[in-house]
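Input: a single structure, listed below in structure tokens.
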Amino acid sequence: MTDAPTGGEAVRKYVHTAIGLAAMAAREAGWSEAEARRIGLETGRSAQARVAEGADGAAALAAATADAQLVVALDRFSREMAKGADAKAAFAAATAPIRAATAGDAAGDAAARAADSAFARALAEGLAPPAAFASSFSAAAAAARLVGAAA
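Under numbering that gives the first Met the number 0, the first residue of the sequence shown is numbered 0, with each subsequent residue one higher.
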């Protein structure tokens with residue numbers, strides 16, 4: 000029988016697991032290999048901090064994955080804009096993997112509707128496209144949480 004890891008060793012093992020799970024899920028959701036790696040690394044970094052602060056492992060992983068997806072999706076959005084895409088087309092391209100992964104899920108569908116609405120509203124109110132993009136992620140996360148809490 001082996002002893003379960005404790006302290007820093009347990010956190011390190013958790014982080015390595017989080018990195019692998021997040022990267023694998025990202026690849027399955029349609030992110031490129033490089034984007035999936037970045038999601039994994041960003042998730043691991045964020046999850047480590049959350050666990051060190053005392054967060055539950057599953058909750059830390061979920062929140063960290065959302066943080067990581069925002070980083071990678073914003074990068075994709077910015078690259079699409081740099082290629083000359085308009086903000087709406089860049090938004091669609093950047094959010095496509097997330098939409099595909101959550102299609103048909105009540106929380107995912109609510110999040111997509113909230114993101115679309117928040118993005119359009121933020122642009123109409125004069126926010127710069129990257130700020131409108133970040134706003135849409137915030138709205139999507141809130142909508143998903145509300146639907147999840149009601150379930």
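Heads up, the beta-carbon is just placed ideally off N, CA and C, and yes, glycines get one too.
- In this chain, the alpha helix (DSSP H) harbouring G39 covers 32-51.
- The three-state secondary structure of D108, taken from DSSP, is helix.
- Residue environment: G53 is assigned as exposed (fewer than 16 neighbouring CB atoms within 10 Å of its CB, all protein chains considered).
- The continuous stretches of alpha helix (DSSP H) do not include K82, and DSSP gives it neither H nor E.
- Membership of L126 in any alpha helix (DSSP H) is not indicated, and neither H nor E is assigned to it by DSSP.
- Here F90 has F118 as same chain residues with Cβ atoms under 6 Å from its own Cβ, once five neighbours each way along the sequence are excluded.
- For A88, the uninterrupted alpha helix (DSSP H) segment begins and ends at 86-101.
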